[in-house]
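Residue numbers (our numbering): 745 to 981.
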């Protein structure tokens with residue numbers, strides 16, 4: 745994906761496969777080399793032609809909010825441009841889509857808001873950037889989260905990176921904790937499987953050397969969790 749589909753600092757993350765509308769939707773959190781999340785976006789790829797577009801670049805719905813990521817009582821920081829500790833801020837990371845292929849849900853990792861937009865709008869090449877942005881809806885409150893997934897009943901599952909837990913946003917649009925485990929350090933990727941479970945990786949990102957003065961605190965083994973969702977999970981979402 746060459747420029748301008750990717751930009752300085754691009755770091756494509758989670759992906760949604762939309763067979764109905766023949767599109768791939770990829771979250772770009774924009775914290776790769778030289779990036780600070782300010783140009784986070786969604787990348788839309790046409791399955792049939794391979795044509796790719798970058799949309800919602802720097803939009804309020806994709807960029808990180810000015811909130812700390814706090815794990816075990818410590819705010820995660822990295823060296824800023826002046827060499828002083830600066831809060832790490834991560835843009836659009838989690839992305840999923842409902843079973844009817846109508847709504848795409850997404851959110852910056854650093855932020856308290858989950859957003860959604862109609863897939864037909866996201867895939868509409870004729871919509872000006874301002875009009876596309878205006879069609880984004882704030883769906884609900886949320887904690888800082890990594891991955892997103894969904895079930896056939898429309899329950900949205902979030903990996904809550906700060907609290908070693910999995911949360912759910914149901915039809916009432918209210919967040920609640922579904923399960924947790926003290927060893928689920930920085931749960932990240934989450935996906936449904938044909939065996940009826942959802943699988944989650946505990947990535948230990950918060951134990952990386954960059955957050956601990958150059959000394960990594962990661963510990964083996966790296967864990968994969970599985971759990972039964974409330975309703976059957978939607979594979980590829």
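The beta-carbon is built from N, C-alpha and C at its ideal position, and this holds for glycine as well.
This structure is a prediction, so every number in the text was calculated from the model and none was measured.
For residue 902, the uninterrupted beta strand (DSSP E) run begins and ends at 900–904, by DSSP. Straight through space, the alpha carbons of residue 928 and residue 836 are spaced by roughly 22 Å. Within the segment 914–944, the beta strand (DSSP E) runs of at least 3 residues that lie entirely inside it are, in chain order, 919–924, 931–936. Taking one beta carbon from each stretch, the segment 752–771 and the segment 783–796 have 3 or more pairs nearer than 8 Å; the two touch.
Counting only residues of its own chain and dropping the five nearest sequence neighbours on each side, residue 970 has a CB closer than 8 Å to the CB of 937, 941, 942, 943, 944.
Look at residue 949 here: in three-state DSSP terms it is helix. Collapsing the DSSP output to three states places residue 874 in a helix. When beta bridges are read from the DSSP output, residue 812 appears opposite no residue.
Its Cα nearest to that of residue 773, the residue 801 stands out among 793, 801, 870. Ranked by Cα distance from residue 814, the first of 922, 926, 887 is 887. A contact between stretches requires three or more CB pairs, one per stretch, nearer than 8 Å, and the segment 817–834 fails this requirement with the segment 858–866.
The residues 800, 803, 804, 805, in chain order, have a CB closer than 8 Å to that of residue 877 in the same chain once the five nearest residues on each side in sequence are set aside. Distance from the CA of residue 891 to the CA of residue 847, rounded to the nearest whole angstrom, comes to 17 Å. In terms of Cα proximity to residue 850, the closest of 910, 889, 869 is 889. Close CB contacts of residue 770 within its chain, under the 6 Å cut and outside five residues either way in sequence, are with 756, 759, 787 (chain order). One Cα belongs to residue 798, the other to residue 839, and the distance between them is close to 15 Å.
Spatial neighbours of residue 789 in its own chain (CB-CB distance under 6 Å, excluding positions within 5 residues in sequence) are listed in chain order as 768, 796. Taking the CA atoms as reference points, residue 807 sits about 16 Å from residue 874.
Looking at the DSSP output, residue 893 shares a beta bridge with 901. Minimum Cα-Cα distance from residue 897 among the listed residues 779, 977, 909 corresponds to 977. Counting along the chain, the unbroken alpha helix (DSSP H) around residue 866 starts and ends at 863–866. One thing to note: residue 910 has its Cβ no nearer than 8 Å to the Cβ of residue 858.
Taking C-alpha positions only, residue 932 is separated from residue 820 by approximately 16 Å.
Taking every protein chain shown into account, the CB of residue 763 has fewer than 16 other CB atoms within 10 angstroms, so this residue is exposed. When secondary structure is reduced to three states using DSSP, residue 841 falls in the strand class.
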